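Taking it in order: structure first as structure tokens, then the write-up.
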Amino acid sequence: MLKRTDETLLLVAHGSSRPGGDNPVAMQARHLKSLGLFGDVSCGFLKQAPFLSDVLNQIHTDKLTVVPMLSGHGYITDTLIPEALAVLEGTHNVRLCQPLGSHSGIADIMAERANSIITSQSLDPADVSILVAAHGNTGNPENAVQARSLAGRIQAMTNGAPTDAVFIEEEPFISNWPTMTTANNLIVLPYLIGGGLHGAEDVPEMLGLDATDPAFDALSRNTPFIGPLSAHNRSIWCCRALGFEPTIGDIILDLAG
Numbered sequence: 001m002l003k004r005t006d007e008t009l010l011l012v013a014h015g016s017s018r019p020g021g022d023n024p025v026a027m028q029a030r031h032l033k034s035l036g037l038f039g040d041v042s043c044g045f046l047k048q049a050p051f052l053s054d055v056l057n058q059i060h061t062d063k064l065t066v067v068p069m070l071s072g073h074g075y076i077t078d079t080l081i082p083e084a085l086a087v088l089e090g091t092h093n094v095r096l097c098q099p100l101g102s103h104s105g106i107a108d109i110m111a112e113r114a115n116s117i118i119t120s121q122s123l124d125p126a127d128v129s130i131l132v133a134a135h136g137n138t139g140n141p142e143n144a145v146q147a148r149s150l151a152g153r154i155q156a157m158t159n160g161a162p163t164d165a166v167f168i169e170e171e172p173f174i175s176n177w178p179t180m181t182t183a184n185n186l187i188v189l190p191y192l193i194g195g196g197l198h199g200a201e202d203v204p205e206m207l208g209l210d211a212t213d214p215a216f217d218a219l220s221r222n223t224p225f226i227g228p229l230s231a232h233n234r235s236i237w238c239c240r241a242l243g244f245e246p247t248i249g250d251i252i253l254d255l256a257g
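If you're matching positions, the sequence shown starts at 1 in our numbering and goes up one per residue.
As structure tokens, this is what we get:
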């Protein structure tokens, strides 16, 4: 990519009302800034500091490219972010990119993680089930459609390991996994960019695991997965949020064009 010193790259994320620990979005912003490809690289959040509205007031380049650090299209990407960006109308050249989770490379990253667990843990591929754990939204089917498509692609890249999309807020719920899967080994791939409360508490609890287990706090840039954990007489491996994956930076740059 050619240097674009007259342009700011802005990563926009939901954020957490209970922020803490590593923030993968801020981590990716720091990494991309260190490459020196843009005049500036920053991040802004809807639910935590630095807030998107404050960050937009500090943009000092004429051009702004915005990458939503979200799993797919929804109210945030299609309404809230455009409304916030309207403050720059007439003063900046703003380009809003597709959300991170819609990039075709996401399936490759998730499948590679699943395959790495199968190999490193010496699992029998014929005795492995995979879950794509997504947020879901009963008012907008887009996230579920994307998650199911993603599950199909991951299954094709993991030698046909049965792969299902399950959700926090719509059926089939993550908690349905014992009746949806039959393998003794379960790999859980979050279709979540930053993790936050969903990754730290909702997903483990819905799996039947102890969300207060310190092992979940370890999921970060340095710890790609934890396991085996045990629930319902099965062995479970839980992966970190997508935002921590090192190759996410390449996908952000590809979306930014």
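We treat Cβ as the ideally placed atom computed from N, Cα and C, and that holds for glycine.
Quick caveat: nothing in here was measured; it's all calculated off a predicted structure.
Exposed unless 16 or more other CB atoms sit within 10 angstroms - verdict on residue i
i: Tyr191; result: buried
i: Ser16; result: buried
i: Glu83; result: exposed
i: Asp164; result: buried
i: Ala241; result: buried
i: Gly36; result: exposed
i: Ala114; result: buried
i: Leu2; result: exposed
i: Ala256; result: buried
i: Ser258; result: Residue numbering for the chain in the displayed model covers 1 to 257; residue 258 lies beyond these limits and cannot be assessed.
i: Gly243; result: buried
i: Gln28; result: buried
i: Thr258; result: This structure leaves residue 258 out entirely; the chain is present only between 1 and 257.
i: Pro214; result: exposed
i: Glu89; result: exposed
i: Thr91; result: exposed
i: Gly160; result: exposed
Limits of the beta strand (DSSP E) - the one that residue i falls within
i: Glu7; result: Arg4 to Ala13
i: Gly44; result: Phe38 to Phe45
i: Ala147; result: Ala147 -> not in any beta strand (DSSP E); alpha helix (DSSP H) instead, spanning Glu142 to Met157.
i: Leu229; result: Phe225 to Ala231
i: Ser235; result: Arg234 to Cys239
Candidates the options: closest to residue i by CA position
i: Ser122; options: Arg4, Trp237 and Glu245; result: Trp237
i: Phe167; options: Leu186, Thr182 and Leu131; result: Leu131
i: Ala183; options: Asp250, Ile118, Ala29 and Phe45; result: Ile118
i: Cys239; options: Cys97, Phe216 and Ala231; result: Phe216
i: Val41; options: Val67, His135 and Trp177; result: Val67
i: Thr138; options: Leu150, Glu171 and Ser129; result: Glu171
i: Met110; options: Asp254, Leu253 and Thr247; result: Thr247
i: Leu253; options: Ala161, Gly90, Leu207 and Lys33; result: Lys33
i: Glu245; options: Asn23, Val55 and Val87; result: Asn23
i: Glu205; options: Val94, Phe173 and Ile81; result: Phe173
i: Ala231; options: Thr223, His92 and Ile187; result: Ile187
i: His207; options: Leu229, Arg234 and Ser175; result: The sequence as given places Leu at residue 207; His does not occur at that position. Checking every option, the nearest Cα to that of Leu207 belongs to Ser175.
i: Leu10; options: Ala49, Met69, Pro224 and Gln48; result: Met69
Where the alpha helix (DSSP H) through residue i begins and ends
i: Ile252; result: Ile248 to Ala256
i: Ile28; result: At residue 28 the sequence reads Gln, which differs from the Ile that was named. Here the alpha helix (DSSP H) through Gln28 covers Pro24 to Ser34.
i: Pro214; result: Pro214 to Asp217
i: Pro204; result: Val203 to Leu207
In the segment 161-188, which residue ranges form an unbroken beta strand (DSSP E) of at least 3 residues, counting only runs that do not cross its ends?
Counting whole runs of 3 or more residues, the segment 161-188 contains the beta strand (DSSP E) stretches 163-167.
Contained alpha helix (DSSP H) runs [length at least 4] in the segment 52-139, N- to C-terminal order
The qualifying runs are 52-56, 81-85 and 105-120.
Between the segment 177-191 and the segment 106-122, do at least 3 Cβ pairs fall closer than 8 Å?
yes
Between the segment 136-151 and the segment 63-81, do at least 3 Cβ pairs fall closer than 8 Å?
yes
Could you tell me whether the segment 145-162 touches the segment 208-225, using the rule of 3 or more Cβ pairs below 8 Å?
At 8 Å Cβ cutoff, the stretches do not touch.
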